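As structure tokens, the structure follows; a few thoughts come after it.
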Amino acid sequence: MTKVSVSASMPVKPAKAWATASDLSRFGEWLALHEGWRGDVPSEIKPGTVLTSVVSVKGLRNRITWSVISYDPPNGITLSGEGKAGVKASLELKLRPDGEGAKGELDVEFTGPGMFGPISAAVGRTLKGDLDKSLERLVELID
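Residue numbers (my numbering): 1417 to 1559.
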């Protein structure tokens, strides 16, 4: 299992950050592990919405079929997915008020065969760097 959590301060209120962060068509602009959607991105997002993407971490690509578990504007979105070779993934984005701005939190977890020991540790290190960069990009897009 590989689980990584990162956070970053944002100079805008959660509602403004949410407008960019929750726009699935813009995930590729800021979410480093997102290579692209496979198929159309639904215009309406709600719990139960299903969509498929290609995710890449440390050069390892996997097609993940995601289900929206929770969708709570402007506070957060949680996705749970299953990929090839028994890989399971979860992604949670949370936005919280923080002084004059917001705090963005991104939690990602991968489980499945091969996600243990040294491989899990290497994926975790890469994933942490990718997620830190992702939140930096998101801040740049909403600023």
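We treat Cβ as the ideally placed atom computed from N, Cα and C, and that holds for glycine. Since the structure is predicted, the reported quantities are computational estimates derived from the model, not experimental observations.
- request: Run the CB neighbour count on Pro1513, radius 10 Å, all protein chains shown included, and call it buried at 16 or more, exposed below.
  value: Sequence index remark: in the sequence shown, residue 1513 carries index 97 (1-based). Label assigned to Pro1513: exposed.
- prompt: For Lys1510, is the classification buried or exposed, using 16 other Cβ atoms within 10 angstroms of its Cβ as the cut-off for buried?
  reply: Indexing the sequence shown from 1 puts residue 1510 at position 94. The residue is buried, with at least 16 neighbouring Cβ atoms inside 10 Å.
- prompt: Under a Cβ-count criterion, where at least 16 other Cβ atoms within 10 Å of its own Cβ denotes burial, should Ile1493 be classed as buried or exposed?
  reply: For the purposes of this step, residue 1493 is taken as the residue at position 77 of the sequence shown. So Ile1493 ends up on the buried side.
query: Measuring CB to CB, does Thr1436 end up less than 9 Å from Ile1535?
result: Numbered from its first residue, the sequence shown carries residue 1436 at position 20. Numbered from its first residue, the sequence shown carries residue 1535 at position 119. Not a contact, by the Cβ cut-off of 9 Å.
- prompt: So, are the CB atoms of Ala1505 and Thr1527 less than 9 Å apart?
  reply: As a position in the sequence shown, residue 1505 is number 89, starting the count at 1. As a position in the sequence shown, residue 1527 is number 111, starting the count at 1. Contact: yes.
message: I need the boundaries of the alpha helix (DSSP H) containing Val1470, first residue and last residue.
response: Here residue 1470 corresponds to residue number 54 of the sequence shown, with the count starting at 1. Where Val1470 is concerned, there is no enclosing alpha helix (DSSP H), although the beta strand (DSSP E) it sits in stretches over 1466 to 1473.
Anticipated Cβ contact below 8 Å, Gly1455 with Ile1480, distance rounded: If you number the sequence shown from 1, residue 1455 lands on position 39. If you number the sequence shown from 1, residue 1480 lands on position 64. Contact flag wrong, Cβ pair sits at about 12 Å.
query: Thinking C-alpha only, which one of Ala1518, Trp1453, Gly1533, Trp1482 is nearest Val1524?
result: Stepping through the sequence shown from its first residue, residue 1524 is reached at position 108. Considering only alpha carbons, the answer is Trp1482.
task: Assuming Pro1489 contacts Trp1453 (C-beta within less than 8 Å), just tell me the rounded distance between them.
output: The count along the sequence shown starts at 1 and reaches residue 1489 at position 73. The count along the sequence shown starts at 1 and reaches residue 1453 at position 37. The pair is not a contact, with the Cβ atoms about 20 Å apart (cut-off 8 Å).
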